[in-house]
Amino acid sequence: MFFITILVKLFEIAFFSEKTPVSSEKNLPERILYKEFNYGDYKTVKLLHTSTGEVEELPLDIYLYGVVSGEMPVTFEIEALKAQAIVARTYTIYQMMNNTKHKDIGADICDSSLCCQAWISKENRMARWDENLREENWIKIENSVNSTIGKVILYEGQPIRAFFHSNSGGMTESSKYVWGGDFSYLQAVETSGEDAYSSYKSEVTISKDELVVKMKEKYSDFDIDFSKDDWIKILENTETSRKS
Ligand SMILES: [Zn+2]
Numbered sequence: 000m001f002f003i004t005i006l007v008k009l010f011e012i013a014f015f016s017e018k019t020p021v022s023s024e025k026n027l028p029e030r031i032l033y034k035e036f037n038y039g040d041y042k043t044v045k046l047l048h049t050s051t052g053e054v055e056e057l058p059l060d061i062y063l064y065g066v067v068s069g070e071m072p073v074t075f076e077i078e079a080l081k082a083q084a085i086v087a088r089t090y091t092i093y094q095m096m097n098n099t100k101h102k103d104i105g106a107d108i109c110d111s112s113l114c115c116q117a118w119i120s121k122e123n124r125m126a127r128w129d130e131n132l133r134e135e136n137w138i139k140i141e142n143s144v145n146s147t148i149g150k151v152i153l154y155e156g157q158p159i160r161a162f163f164h165s166n167s168g169g170m171t172e173s174s175k176y177v178w179g180g181d182f183s184y185l186q187a188v189e190t191s192g193e194d195a196y197s198s199y200k201s202e203v204t205i206s207k208d209e210l211v212v213k214m215k216e217k218y219s220d221f222d223i224d225f226s227k228d229d230w231i232k233i234l235e236n237t238e239t240s241r242k243s
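This is the structure we're talking about:
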């Protein structure tokens, strides 16, 4: 099962917080200086193709076909695909409104899941499906987007930062421990039922030598004495028992 967990509750809009700091969630004064959000202003996406550096203009929902088919297996339930379409649309519009990462080259968003969100062309997507399933699969993708046209997730009239994941191991993590931004609608919540997902648990075994190599790649002055029991220990847990 695929889970998208969005906890929407009162929070501080990050992109205005520098100008109008808010001391607490309950104290929501006249700081509401939000940019006007008009869905109609965000109908064309300037997509950066990371492999070529080319920037392509696409109608928002046509662009989303490539995102949904790049981010989620088409075999998932149509309702999951629709949820993915709404979250991806919200994420895209948020990036168009706020992200300056690719603005210098005139793009709103790129096609890399490591940077923005995945996107794959119809041609490339179709080529990876069995020939006899291509047509019906693509219709399913189009339906997930077309049946949700106009739907975005808003908080106080503005698109949220709609991050998504495939599995959180039973509980999401607060955004402040992941990216450092503390959004009230990106707090840790339980996501029961995820244990039915095939990638719910994973285990990795590496040798001591491999551990040293990997750690040195990131921390060149890394040093460890395996003869001492207390050289590997948990120093701190987040509120969801994740180790930091
Ligand atoms: Zn990007």
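Last residue of the sequence shown: 243 in numbering that gives the first Met the number 0, with the numbers rising by one and none dropped. For each residue, glycine too, the CB sits at the ideal point set by N, CA and C. Keep in mind that this is a model prediction, so the values were computed, not measured.
Check whether residue i and residue j have beta carbons under 7 angstroms apart
i: Leu47; j: Ala87; result: no
i: Ile140; j: Tyr64; result: yes
i: Phe225; j: Lys207; result: yes
i: Ala195; j: Ser143; result: no
i: Gly169; j: Glu202; result: no
i: Gly180; j: Ser173; result: no
i: Lys42; j: Leu57; result: no
i: Thr190; j: Cys109; result: no
Residue i - DSSP class collapsed to helix/strand/coil
i: Pro20; result: Low confidence applies here, because Pro20 scores a pLDDT of 34, under 50, leaving its location unreliable; read the following figure in that light. Pro20: coil per DSSP, three-state reduction.
i: Ile233; result: coil
i: Leu32; result: With a pLDDT of only 46 at Leu32, under 50, the local geometry of the prediction cannot be trusted, and the value read off the model is given with reservation. Three-state DSSP puts Leu32 in coil, outside helix and strand.
i: Ile223; result: coil
i: Asn26; result: With a pLDDT of 47 at Asn26, under the threshold of 50, the predicted position of this residue should be treated as unreliable, though the coordinate-derived value follows. Of the three classes helix, strand and coil, the one that applies to Asn26 here is coil, per DSSP.
i: Glu141; result: helix
i: Ile327; result: Outside the displayed range of the chain (0 to 243) lies residue 327, so it cannot be described from this structure.
i: Met170; result: strand
i: Leu153; result: strand
i: Glu134; result: helix
i: Glu247; result: For residue 247 there is no data in the structure shown, the boundaries of the chain being 0 and 243.
i: Glu255; result: Any question about residue 255 goes unanswered here, given that the chain covers just 0 to 243.
i: Gln94; result: helix
Pick from the options that is closest to residue i, judged by C-alpha positions
i: Ile104; options: Lys217, Glu55 and Phe182; result: Glu55
i: Val66; options: Phe36, Lys81 and Leu210; result: Lys81
i: Lys200; options: Asn98, Asp110, Ser165 and Trp230; result: Ser165
i: Gly69; options: Tyr90, Ser112, Phe182 and Asp228; result: Ser112
i: Lys100; options: Thr204, Asp40 and Lys45; result: Lys45
i: Tyr38; options: Glu78, Val212 and Gly149; result: Gly149
i: Ile77; options: Gly52, Thr51, Met125 and Asn136; result: Asn136
i: Asn236; options: Arg124, Trp230, Tyr176 and Asp229; result: Tyr176
i: Ser120; options: Trp230, Tyr62 and Asp228; result: Tyr62
Check: residue i C-beta below 6 angstroms from any heavy atom of ligand 3
i: Gln116; result: This structure does not include ligand 3; its bound ligands are ligand 1.
Sufficient close CB pairs (3 or more, under 8 angstroms) joining the region 87 to 101 to the region 115 to 134: yes
Given 8 angstroms, three or more beta-carbon pairs between the region 208 to 221 and the region 178 to 193: no
The region 64 to 74 contacting the region 130 to 144, beta-carbon criterion three pairs below 8 angstroms: yes
In chain order, each beta strand (DSSP E) run of at least 3 residues that lies wholly inside the region 34 to 65: 43 to 47 and 54 to 58
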